[in-house]
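Scroll down for the structure; my scribbles are underneath it.
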Amino acid sequence: MTDILTNLSRFYNVQLDYQSTVPDKLFTGKIQRNSSLSDVLDMLSAVSGGSFKIKDRTVSIEFKNSK
Numbered sequence: 001m002t003d004i005l006t007n008l009s010r011f012y013n014v015q016l017d018y019q020s021t022v023p024d025k026l027f028t029g030k031i032q033r034n035s036s037l038s039d040v041l042d043m044l045s046a047v048s049g050g051s052f053k054i055k056d057r058t059v060s061i062e063f064k065n066s067k
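Counting from 1, one number per residue, gives the positions in the sequence shown under full-length UniProt numbering.
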């Protein structure tokens, strides 16, 4: 999951603000390059249980049961 978030940070030019520990889970799949950041984060939220909030160029990330 950390690799996915790092790649998204680079691709969408945003900073990541981790509010909790990122779960050590393996995810596979494909994301269209023309997808909006919001759409991608919605997809990740659905499969990971994470909460993502965008403010300016920063994405706050929190995972349930990870504090």
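Note that the Cβ used here is the ideal one computed from N, Cα and C, for glycine as well.
For clarity, every value in this text was computed on a predicted model and none was experimentally measured.
Applying the criterion that 16 or more other CB atoms from any shown protein chain within 10 Å of the CB defines a buried residue, is Ser38 buried or exposed?
exposed
How would you call Val59, buried or exposed, if buried means at least 16 neighbouring beta carbons within 10 angstroms?
Result: buried.
Report the option in Thr21, Lys55 and Ile4 whose CA atom is closest to the CA atom of Gly29.
Ile4
So what's Val59 in DSSP terms, helix, strand or just coil?
strand
Quick one: measure Cβ to Cβ for Gly50 and Ile61, integer angstroms, because I've assumed they're closer than 8 Å.
6 Å
In its own chain, which residues sit with a C-beta less than 8 Å from the C-beta of Asn13, not counting the 5 before and 5 after it?
Arg57
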